[in-house]
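A.B. asks: In numbering that gives the first Met the number 0, the protein residues as written are 0 to 167.
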Amino acid sequence: MMKMIVHDLQQQEFEGWINGEQGELTVISDNGTIRQCMGCFGCWTRTPGVCVIKDGYHNLGELLSKSGEVVIISECMYGSYSPFILNVLNRSISYVLPYFVTRNGETHHRSRYDHQFVLSVHFYGGDITGAEQETARTLVAANSVNLYSLENNVYFHNNLQSVKEAVL
């Protein structure tokens with residue numbers, strides 16, 4: 000199974016993190032071309048499973064379906080992800096179907112793939128408060144349910160070196 004790393008780091012910050020053979024690895028980073036989800040539902044109706052925006056991020060749902068582990072590295076912003084990470088998650092909606100199911104008394108999209116992955120989120124920032132940590136844990140747990148992940152893990156780091164050591 001593939002491991003996918005989604006990060007909001009600058010290219011020079013992430014350079015050199017992946018040394019040697021890491022098996023099947025996909026890295027999603029901000030190359031400056033990602034566009035906002037338009038909410039057109041084209042990934043559900045016109046091109047099922049694939050976003051209609053052809054900017055290099057159109058196959059995020061498919062990539063999730065091939066991942067055994069998804070690692071998100073994000074600056075913690077008020078207990079949430081950075082704008083780039085939020086955009087990647089929004090653009091990944093093709094991973095699920097437009098139909099709804101009720102699970103644990105909540106309404107969720109039906110799964111498109113018979114697949115689950117482990118979700119690990121590494122938040123970084125020098126001044127993450129306890130309230131922001133609580134909000135972030137709640138958010139990741141909700142994302143985990145919506146994405147049908149096997150489990151979720153949330154970590155908080157004061158610096159990028161500790162993120163690197165934890166991820167690799």
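C-beta: ideal position from N, C-alpha, C; glycine also.
Tell me the residue span of the beta strand (DSSP E) that contains residue 97.
C.D. replies: Residue 97 sits at position 98 when you count from the first residue of the sequence shown. From DSSP, the beta strand (DSSP E) with residue 97 extends over 95 to 102.
A.B. asks: Cβ atoms of residue 88 and residue 142: under 8 Å apart, would you say?
C.D. replies: Here the question's residue 142 lines up with position 143 in the sequence shown. Here the question's residue 88 lines up with position 89 in the sequence shown. The answer is yes: Cβ separation under 8 Å.
A.B. asks: Starting from the C-beta of residue 148, find all residues in its chain whose C-beta is less than 7 Å away, skip the five residues before and the five after it, and write them out in chain order.
C.D. replies: Within the sequence shown, residue 148 is the residue found at index 149, counting from 1. Excluding positions up to five away in sequence, the list reads 115, 116, 117, 118.
A.B. asks: Does DSSP put residue 119 in a helix, in a strand, or in coil?
C.D. replies: As a first step, residue 119 is located in the sequence shown; it is residue number 120 there, counting from the start. Correct three-state label for residue 119: strand.
A.B. asks: Please name the residue or residues paired with residue 155 in a DSSP beta bridge.
C.D. replies: As a position in the sequence shown, residue 155 is number 156, starting the count at 1. The partner list for residue 155 (beta bridge, DSSP) reads 122.
A.B. asks: With residue 27 and residue 5 assumed to form a contact (beta carbons below 8 Å), what rounded beta-carbon distance in angstroms separates them?
C.D. replies: Taking the sequence shown and counting its residues from 1, the one referred to as residue 27 is at position 28. Taking the sequence shown and counting its residues from 1, the one referred to as residue 5 is at position 6. Rounded, the Cβ-Cβ distance is 4 Å, consistent with contact.
A.B. asks: For the 8 Å Cβ check, are there 3 or more pairs between the region 55 to 65 and the region 84 to 98?
C.D. replies: yes
A.B. asks: Going by DSSP, which residues form a beta bridge with residue 106?
C.D. replies: As a position in the sequence shown, residue 106 is number 107, starting the count at 1. Answer is 101, bridged to residue 106.
A.B. asks: Measuring straight from C-alpha to C-alpha, what distance separates residue 112 and residue 45?
C.D. replies: Within the sequence shown, numbered from 1, the residue matching residue 112 stands at position 113. Within the sequence shown, numbered from 1, the residue matching residue 45 stands at position 46. Approximately 18 Å, taken between the alpha carbons.
A.B. asks: Please give me, in chain order, every unbroken run of the beta strand (DSSP E) with length at least 3 that falls completely inside the region 9 to 88.
C.D. replies: 24 to 27, 66 to 74
A.B. asks: Under 7 Å Cβ to Cβ from residue 58, same chain only, skipping five residues before and after it: list those, please.
C.D. replies: Here residue 58 refers to the residue found at position 59 of the sequence shown. Result list for residue 58: 49, in chain order.
A.B. asks: In terms of alpha-carbon separation, which member of 85, 72, 76, 145 lies closest to residue 164?
C.D. replies: By 1-based counting over the sequence shown, the position of residue 164 is 165. When each option's Cα is compared against that of residue 164, the closest is 72.
A.B. asks: Exposed or buried, what is residue 127 when buried is set at 16 or more other beta-carbons lying within 10 Å of its beta-carbon?
C.D. replies: The residue given as residue 127 occupies position 128 in the sequence shown. Result: buried.
A.B. asks: Between the C-alpha atoms of residue 166 and residue 38, what's the straight-line distance to the nearest angstrom?
C.D. replies: Within the sequence shown, the letter at position 167 stands for residue 166. Within the sequence shown, the letter at position 39 stands for residue 38. Cα to Cα, residue 166 sits roughly 32 Å from residue 38.
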